[in-house]
Ligand SMILES: NC(=O)c1ccc[n+]([C@@H]2O[C@H](COP(=O)([O-])OP(=O)(O)OC[C@H]3O[C@@H](n4cnc5c(N)ncnc54)[C@H](OP(=O)(O)O)[C@@H]3O)[C@@H](O)[C@H]2O)c1
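Numbering (our numbering), first residue to last: 48 to 371.
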């Protein structure tokens with residue numbers, strides 16, 4: 048496993064980060080624990096979760112993924128200090144109007160709840176899950192700055208921010224001498240590129256912001272199990288994937304991944320991971336796995352180096368740049 052610095056920080060993270068949104072949703076606690084143990088055995092030191100996972104599923108109260116991780120931390124032989132645990136705040140955790148968002152009030156309550164569920168004293172990377180306009184950014188950053196000084200949080204990052212809001216946050220941190228966001232977690236894969244590449248990618252390169260993309264396999268689309276004429280695979284996410292990615296450009300991307308991957312003896316999923324990691328702005332790809340087999344398969348993608356020509360050929364299939 049390769050380790051890269053998270054942006055300009057001194058922190059080193061594995062190029063594969065284990066995402067845990069599925070835990071307690073499409074994979075139960077036993078499987079989740081096996082997947083986490085195997086990921087660590089294979090060299091992953093980086094785990095991503097969120098307090099809200101997966102409250103949008105009927106009957107799920109939220110906090111379930113963090114609880115499953117906390118239970119695993121108690122029984123794993125891995126040392127807490129060797130792991131980089133990232134979680135997020137912002138999602139609604141109840142019907143209470145203040146039990147959500149990025150206010151000081153909610154952040155201070157939410158961090159205590161995440162620490163309790165994770166059964167740990169500190170969070171390595173605490174991320175705001177998405178931008179929200181209702182809390183002033185300075186209020187959010189002051190609360191996060193306090194948490195860093197209290198030792199409850201070590202680094203802070205964002206997910207799903209427009210570029211100008213991230214720059215605004217960097218500016219506030221600078222002029223007010225507050226902790227700054229060191230990482231961005233964007234939605235990014237071969238069939239979902241413009242949102243990150245248009246403005247966020249140059250911004251992250253310019254300011255040394257670490258990039259840890261989520262859904263590098265397009266939620267499973269870029270594995271080859273979604274095909275033009277094949278029935279939809281059994282997946283809790285199949286309907287969403289069909290709506291979002293199953294179009295001619297998406298299928299052409301899968302075909303090209305298969306063609307280029309075959310030269311490396313690699314699967315479609317592995318080649319999709321190699322493409323994400325070939326981007327110089329990216330530090331670690333946050334994958335999801337419903338089984339140890341999926342994890343082991345996907346992880347091999349981190350060992351594949353695409354040539355510049357192969358990367359360019361893949362880029363070409365999903366090129367999005369506005370033509371002038
Ligand atoms: N910040 C945010 O807003 C945000 C949003 C989404 C996700 N995330 C984070 O990113 C993580 C990963 O997201 P994601 O689950 O969308 O990532 P992904 O890696 O693009 O998709 C993972 C899904 O693909 C399928 N899969 C994985 N490996 C496979 C393999 N080798 N062969 C065949 N199928 C395979 C599985 O779904 P099936 O078995 O169902 O096919 C798995 O759940 C999440 O756990 C979470 O930590 C963050």
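C-beta atoms are modelled at their ideal positions from N, C-alpha and C, and glycine is treated no differently.
The Cβ atoms of residue 110 and residue 98 sit closer than 8 Å to each other. In the DSSP assignment, residue 289 falls within the alpha helix (DSSP H) that extends over 285-292. Here residue 171 is buried. Its C-beta has 16 or more other C-beta atoms within 10 Å. Shortest gap from the CB of residue 68 to any heavy atom of ligand 1: under 7 Å. In this structure, the beta-carbon distance from residue 231 to residue 213 falls below 8 Å. DSSP places residue 206 inside the beta strand (DSSP E), whose first and last residues are 200-206. Taking 7 Å as the cut-off, one finds no heavy atom of ligand 1 near enough to the beta carbon of residue 173. Under DSSP, residue 333 takes part in a beta bridge, and its partners are 64, 261. Take the alpha-carbon of residue 166 and the one of residue 153: they are about 20 Å apart. Distances taken from the Cβ of residue 96 to the heavy atoms of ligand 1 include one shorter than 7 Å. Closest by C-alpha distance to residue 130, out of 63, 193, 364, is 63.
Across the structure, residue 112 and residue 93 are spaced so that their CA atoms are roughly 15 Å apart. DSSP, read as helix, strand or coil, puts residue 53 in coil. In this structure, residue 176 has its beta carbon less than 7 Å from a heavy atom of ligand 1.
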